[in-house]
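S.K.: The sequence shown: position 82 = 87 (our numbering), numbered continuously. Just so you know, even glycine gets a beta-carbon here, dropped at the ideal spot from N, CA and C.
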Amino acid sequence: GGCLKWLSGGPGNAFLYVRPELISQVRPQGTGWFATRDPFSFTLQELVFADDARRLETGTWAVACNYAGLAGLELILEVGVANIQERLRDLTERILQRCDEAGVRTFTPRERARRCGIVTLECEHPEEVEAALHRDGVIVDSRPGRVRLSPHWCVTEEELDRGMDLVLRHLGATSAQRR
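1. Rounded to whole angstroms, what is the Cα-Cα separation between Arg42 and Glu26?
2. Can you tell me whether DSSP reads Glu62 as helix, strand or coil?
3. Starting from the N-terminal side, write out each stretch of the alpha helix (DSSP H) that is 4 residues or longer and does not extend beyond the region 48-106.
4. Is DSSP giving Glu127 helix, strand or coil here?
5. Taking DSSP's pairing of strands, which residues face Ser147 in a bridge?
6. Rounded C-beta distance between Leu123 and Ser155? I'm assuming under 8 angstroms.
7. For Asp166, does the three-state DSSP call read helix, strand or coil?
8. How about the region 51-71 and the region 28-40: do they share at least three Cβ pairs that are nearer than 8 angstroms?
9. Taking 8 angstroms as the threshold, find out whether the region 115-133 comes into contact with the region 148-168 through three or more Cβ pairs.
10. Identify every residue that forms a DSSP beta bridge with Thr41.
11. Grab me the residues of Pro114's own chain with a C-beta within less than 6 angstroms of its C-beta, minus the 5 sequence neighbours each way, in chain order.
12. Give the straight-line distance between the Cα atoms of Leu80 and Thr111, rounded to the nearest whole angstrom.
13. Does the Cβ of Pro33 have 16 or more other Cβ atoms within 10 Å, making it buried, or fewer, making it exposed?
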């Protein structure tokens with residue numbers, strides 16, 4: 006998985022887990038010099054993968070991306086995964102309440118323990134709503150018949166409410182324009 010948003014790590018990093026007993030069986034489809042048994046020999050006559058997880062590496066690491074990823078992981082560990090999970094559930098609860106008040110149908114579990122940090126709303130014209138919200142500085146994602154909200158755990162209640170005001174305004178505007 007990548008660490009762009011939820012792990013606060015920026016672009017360019019990803020994680021892959023392979024059970025240790027399966028590593029030797031994995032044949033990388035793309036590779037680089039760090040995946041070889043002796044990456045610093047520079048006399049590569051044949052490709053011999055490393056025996057350990059290094060066989061899954063590519064070329065030279067993106068050092069700046071790794072530092073951003075490390076800082077993000079350190080922040081996550083400092084705040085605590087359980088705290089972040091509860092924070093996201095608080096934020097999604099707030100979104101669900103606002104949608105209920107506005108009569109907007111959602112496709113997200115209501116049971117707190119089953120929720121993650123994503124709320125999906127029914128929307129007649131999701132691409133139009135997404136574009137309008139982007140112009141207003143609110144980043145959402147559209148799917149067929151849906152708008153997907155996924156607030157980051159560091160969003161304040163005030164920011165979330167301002168964003169939801171815009172979301173609900175644009176949802177209403179596109180529906181009203183079509184009638």
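M.R.: If we stick to the structure as given:
1. 18 angstroms
2. coil
3. 68-84
4. strand
5. Val152
6. Before going further, note that residue 123 is Ile rather than Leu in the sequence given. Confirmed, about 4 angstroms.
7. helix
8. yes
9. yes
10. Phe54
11. Arg120
12. 31 angstroms
13. exposed
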